[in-house]
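**Student:** Counting in my numbering, the sequence shown runs without a single skipped number right up to 185 at its last residue.
Even glycine gets a Cβ: it sits at the ideal position worked out from N, Cα and C.
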Amino acid sequence: ELGLKMHLDGARIMNACVASGTSPMHYAKHFDSATICFSKGLGAPVGSAVAGSKAFITRARRIRKMFGGAMRQSGILAAAANYALDHHVERLKEDHENAATLAKLLSENPKIKVDPCETNIVYFDLDKSAGTAPELEAKLLQNNVRMLALGPARLRAVTHLHITRDNIEHAAMIILDSIEK
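(1) Three-state secondary structure (DSSP) at Cys121?
(2) Please name the residue, chosen from Asn124, Lys33, Ile179 and Gly14, that lies closest to Val149 on a Cα-to-Cα basis.
(3) Can you name the start and end residues of the alpha helix (DSSP H) that Leu159 belongs to?
(4) Tell me whether the beta-carbon of Thr39 lies closer than 8 Å to the beta-carbon of Ala53.
(5) Starting from the C-beta of Pro138, find all residues in its chain whose C-beta is less than 6 Å away, skip the five residues before and the five after it, and write them out in chain order.
(6) Taking buried to mean at least 16 other C-beta atoms within 10 Å of its own C-beta, is Asn102 buried or exposed?
(7) Considering only DSSP beta bridges, list what Phe60 is partnered with.
(8) Which same chain residues, not among the five before or five after Leu144, have their C-beta less than 8 Å away from its C-beta?
(9) Would a C-beta distance cut-off of 8 Å place Ala85 and Gly51 closer than the cut-off?
(10) Below 8 Å, can you find three or more Cβ-Cβ pairs linking the stretch 27-47 to the stretch 69-79?
(11) What span of residues does the alpha helix (DSSP H) with Ala20 cover, start to end?
(12) Sort Leu130, Lys33 and Arg160 by Cα distance to Lys117 and report the nearest one.
(13) Using the C-alpha atoms, what's the distance from Glu5 back to Leu109?
(14) Going by DSSP, which residues form a beta bridge with Val126?
(15) For Thr62 and Gly7, I'd like the C-alpha separation in whole angstroms.
(16) Leaving out the 5 sequence neighbours to the left and right, which residues in its chain are closer than 6 Å to Ala88 when beta-carbon positions are compared?
(17) Who does Leu12 pair with in a DSSP beta bridge?
(18) Could you tell me the alpha carbon to alpha carbon distance between Ala142 and Ala107, rounded to whole angstroms?
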């Protein structure tokens with residue numbers, strides 16, 4: 005109606021597709037352009053792709069060139085992205101299962117309120133008696149567990165290709181031990 009264009013930031017679109025059982029096209033069909041990230045979730049070293057109409061892509065290429073965004077010898081990166089698409093999409097279920105396991109283990113402690121977990125991201129809030137999120141983030145880092153404090157009580161944990169079930173159980177133990185001290 006107003007002629008506005010809509011863009012889908014597909015940084016984690018493959019996680020959403022695996023969790024919902026739908027295709028990227030299902031999500032992208034409602035947008036004028038979309039991106040897919042090959043590193044987040046899929047495990048490629050770097051890289052994203054953009055999709056849109058021919059006119060959009062032509063304009064995007066021109067703008068990229070104006071800002072010096074051309075890249076030489078990018079075939080090796082494209083090969084890594086292809087490998088990730090061929091081998092890592094189905095295994096995203098493992099990341100989701102690991103996140104669900106972490107959410108379940110943390111939710112057993114009354115000092116932790118865990119949001120519903122649908123993909124590979126776990127959000128949880130600490131009760132005031134458990135200390136602050138930044139304090140817990142620092143304690144976890146000392147134990148080689150990385151999470152992100154999103155405020156005084158909220159944290160985010162993300163599972164990925166290199167996180168195992170054993171890592172999840174170890175991280176949960178460290179979190180629970182840390183908030184009890």
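**Tutor:** Concretely, from the data shown:
(1) The residue you call residue 121 lines up with position 117 of the sequence shown. Correct three-state label for Cys121: coil.
(2) Reading the sequence shown from its first residue, position 145 is the one you call residue 149. It is Ile179 whose Cα lies nearest to the Cα of Val149.
(3) Position 155 of the sequence shown holds residue 159. No alpha helix (DSSP H) holds Leu159; the beta strand (DSSP E) holding it covers Arg158 to Val162.
(4) Position 35 of the sequence shown, counted from the first residue, corresponds to residue 39. Position 49 of the sequence shown, counted from the first residue, corresponds to residue 53. A contact, by the Cβ cut-off of 8 Å.
(5) Along the sequence shown, read from residue 1 onward, the residue named residue 138 stands at position 134. Answer for Pro138: Ala153, listed in chain order.
(6) On the sequence shown, position 98 is the one that residue 102 refers to. When all chains shown are included, Asn102 counts as buried.
(7) Along the sequence shown, read from residue 1 onward, the residue named residue 60 stands at position 56. According to DSSP, which records beta bridges pairwise, Phe60 is partnered with nothing at all.
(8) As a first step, residue 144 is located in the sequence shown; it is residue number 140 there, counting from the start. Same-chain partners within the cutoff: Arg150, Met151, Ala175, Ile178, Ile179 and Ser182.
(9) As a first step, residue 85 must be located in the sequence shown, where it is residue number 81. As a first step, residue 51 must be located in the sequence shown, where it is residue number 47. Cβ atoms of Ala85 and Gly51: closer than 8 Å.
(10) no
(11) Within the sequence shown, numbered from 1, the residue matching residue 20 stands at position 16. Its alpha helix (DSSP H) spans residues Ile17 to Ser24.
(12) Residue 117 sits at position 113 when you count from the first residue of the sequence shown. Nearest option by C-alpha distance: Leu130.
(13) On the sequence shown, residue 109 is found 105 positions in, with the first residue counted as 1. On the sequence shown, residue 5 is found 1 positions in, with the first residue counted as 1. One C-alpha to the other measures close to 48 Å.
(14) Translated into positions along the sequence shown, residue 126 becomes position 122. Val126 is bridged to Ala161.
(15) Locating residue 62 in the sequence shown gives position 58, where the first residue counts as 1. Locating residue 7 in the sequence shown gives position 3, where the first residue counts as 1. If I take the Cα positions, the gap works out to 20 Å.
(16) Indexing the sequence shown from 1 puts residue 88 at position 84. Only Phe42, Leu46, Gly47 and Ala48 meet the Cβ criterion.
(17) Your numbering for residue 12 matches position 8 in the sequence shown. Leu12 is bridged to Ala38.
(18) Within the sequence shown, residue 142 is the residue found at index 138, counting from 1. Within the sequence shown, residue 107 is the residue found at index 103, counting from 1. If I take the Cα positions, the gap works out to 20 Å.
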